[in-house]
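Residue 2 is where the sequence shown starts when you use my numbering, and the numbers rise one by one after that. Note that beta-carbon positions come from the ideal geometry of N, C-alpha and C, so glycine has one too. Since this is a predicted model, take the numbers as computed values, not measurements.
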Amino acid sequence: MRVRDVRLPAVALTVVMAVAATSGCGGAAPVAAPVPASSVPVSEAAVSPSPTPELSPSLVPTPTRSPSATPSKKASASPAATRAGGAGPRTAGLAGKTIVIDPGHNRNNFQHAAEIGKQVPDGNGGQKTCDTTGTSTNDGYTEAAYTWDVAQRLAGLLRAAGANVVMTLGADTPWGPCITERARIGNTSKAAVVIGIHADGGTAGGTGFHVMEPGLPGPIQAESHRLAIAVRDAYRAAGMRPASYIGTDGLNPRVDMAGLNLSTVPKVMLEGGNMRNASDAAMLKSPEFRQKTAEALVTALSTFLS
Ligand SMILES: [Zn+2]
């Protein structure tokens with residue numbers, strides 16, 4: 002979807018948010034005007050099972066610091082997995098922690114339009130579709146394939162570091178699950194942290210990544226903001242630029258994401274790049290860069306949990 006290049010001063014107390022019709026993958030952006038239908042990439046619209054209902058614009062406070070509500074976990078007997086010599090990602094603080102990985106969408110969603118099209122609460126007084134197919138590159142590499150691959154790489158690295166990894170979907174999950182179920186899994190797992198993985202479907206000229214963080218005031222907002230900064234910094238260091246077309250310096254507080262609104266544990270959702278941009282797409286399609294992405298997320302989670 003088209004979004005305007007909205008730049009906000011770092012000291013802004015409020016952010017005007019409006020949500021455009023979208024695939025629901027999280028690519029909806031703060032915009033200042035209705036989105037012309039002609040700006041929606043045809044193939045993205047074609048793979049979307051149904052439009053996401055629009056929400057009324059609302060004023061959203063930016064994240065503010067407040068006492069941490071991070072659940073603490075008992076130390077486990079897992080050996081420390083910090084690598085010697087500086088090679089590989091930072092892993093301090095990961096051993097024994099429960100980390101939920103939420104790969105956006107599902108590779109089989111396109112075969113289950115009815116199931117994923119039902120309406121579920123968005124955690125902010127509205128409703129959204131249960132799940133969507135997500136976007137894809139112009140040559141057909143799907144967001145669902147990307148998120149699954151990065152998630153598998155991330156899970157392997159985290160397990161090697163002694164973390165207890167919970168996935169919101171498995172290889173045999175037929176569709177979805179719904180965004181409400183994804184949030185429930187994070188909450189009932191008593192996760193120390195939940196990391197969602199997506200890629201965006203913006204306009205072809207827009208580049209870079211953004212990290213969506215909870216925009217609603219609440220007990221997880223401050224810690225999620227700290228997590229968002231850790232993810233932003235690590236992923237930028239891996240070589241992807243913060244988005245040119247959405248968010249501010251790679252961060253994007255949101256009030257329309259059920260997965261964030263319904264979470265009771267710190268959570269962010271990485272939009273790892275714009276699949277509709279040729280440069281970003283080349284990076285997202287690269288197995289080597291997806292490995293770097295997973296390693297960056299390990300470093301970010303270590304930074305957050307240490
Ligand atoms: Zn998505």
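Alpha carbons only, please: which of N139, G219 and E144 is nearest the one belonging to T133?
Here the closest residue by C-alpha is E144.
Quick check on the burial criterion: 16 or more other C-beta atoms within 10 angstroms. Buried or exposed for T138?
With 16 or more other Cβ atoms within 10 Å, it is buried.
Taking the alpha carbon of L302 as the point to measure from, which residue in D234, G219, R185 and E116 has its own alpha carbon closest?
Considering only alpha carbons, the answer is D234.
For L60, count neighbouring C-beta atoms within 10 Å of its own C-beta (all shown protein chains included) and say buried if the count is 16 or more, exposed if not.
Note on L60: pLDDT 34, under 50, position unreliable in the model; the coordinate value appears next. L60 is exposed by the Cβ-count criterion.
For I117 and T136, which I take to be in contact (beta-carbon distance under 8 angstroms), what is that distance rounded to the nearest angstrom?
At roughly 15 angstroms, the Cβ-Cβ gap does not stay under 8 angstroms, so I117 and T136 are not in contact.
T204 and R277: beta carbons closer than 8 angstroms?
Yes. Within cutoff.
For L158 versus A295, is the C-beta distance shorter than 8 angstroms?
Cβ distance < 8 angstroms, so L158 and A295 count as in contact.
Between A46 and the rest of its own chain, which residues show a CB-CB distance below 7 angstroms, the 5 nearest in sequence each way excluded?
Note that A46 has pLDDT 31, beneath the 50 cutoff, so the model's placement of it is unreliable and the number below is only indicative. Around A46: no qualifying Cβ.
Terminal residues of the continuous alpha helix (DSSP H) containing H226?
Q222 to A239 is the extent of the alpha helix (DSSP H) around H226.
Is there at least one non-hydrogen atom of ligand 1 closer than 7 angstroms to the beta-carbon of H211?
Result no, Cβ not under 7 angstroms from ligand 1.
According to DSSP, is T134 part of a helix, a strand, or is it coil?
Of the three classes helix, strand and coil, the one that applies to T134 here is coil, per DSSP.
Short of 6 angstroms in beta carbon distance, which residues of its chain neighbour A297, apart from the five on each side in sequence? Order them along the chain.
Cβ neighbours of A297 beyond the five flanking positions: A235, Y236 and A239.
Could you check where the alpha helix (DSSP H) with D103 kicks off and where it finishes?
D103 -> not in any alpha helix (DSSP H); beta strand (DSSP E) instead, spanning T99 to P104.
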